[in-house]
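**Q** Sharing a structure here in structure tokens format.
In the working numbering, the protein residues as written are 414 to 533.
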């Protein structure tokens, strides 16, 4: 299984800055993340998320990871994918399969890669 399919992993630093900015504006999700870090309610669960790859989604993914989930993220809409965010997630060890503007073949390849974690 691949760890990621992206436009460019070198976009990660920009993505991390934008994700952090969004995190500061999502206080409820941050509180849930803090609780998940303590309780680990998703420990041992494999989750495939097929979502818009945005800064908001990144914060949701970090929350699920804090809860103990093993996660793979794939783009639900290639037109909304933020390549820097995808790179940031991948650089943090989250299996991420998303490229802005990817073609149909790439889209299905990304779905197939994400499903290799065998979600619950």
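Beta carbons: idealized from backbone N, C-alpha and C, even for Gly.
1. Look at the Cβ atom of residue 441, then the Cβ atom of residue 471, and state whether they are nearer than 7 Å.
2. What number of angstroms, rounded off, separates the C-alpha of residue 490 from the C-alpha of residue 451?
3. Only counting the same chain, and skipping five residues up and downstream in sequence, which positions put a Cβ closer than 7 Å to that of residue 480?
4. From residue 482 to residue 460, what does the alpha carbon distance come to, in whole angstroms?
5. Any C-beta of chain D sitting closer than 7 Å to the C-beta of residue 446?
6. With the cut-off set at 7 Å, would you say residue 512 and residue 420 are in Cβ contact?
7. Going by C-alpha to C-alpha distance, which of 477, 476, 507 sits closest to residue 487?
8. Could you pull out every residue in the same chain whose Cβ sits closer than 6 Å to the Cβ of residue 429, ignoring the five residues on either side in sequence?
9. My guess is that residue 522 and residue 418 are in contact by the Cβ rule of under 8 Å, so how many angstroms apart are they, rounded?
10. Tell me the DSSP secondary structure of residue 442 in three-state form.
11. Considering only the beta carbon of each residue, do residue 495 and residue 467 sit closer than 7 Å?
12. Assuming residue 416 contacts residue 503 under a Cβ cut-off of 8 Å, what Cβ separation, rounded to an integer in Å, is found between them?
13. Do residue 531 and residue 414 count as a contact pair if the criterion is CB distance below 7 Å?
**A** For this structure:
1. no
2. For residue 490 and residue 451, the gap between their C-alpha atoms comes out near 33 Å.
3. 449, 453, 454, 455
4. Distance from the CA of residue 482 to the CA of residue 460, rounded to the nearest whole angstrom, comes to 7 Å.
5. Looking for chain D here will not work: only one protein chain is present.
6. yes
7. 507
8. 501
9. Correct: roughly 7 Å between the Cβ atoms.
10. helix
11. yes
12. Rounded, the Cβ-Cβ distance is 7 Å, consistent with contact.
13. no
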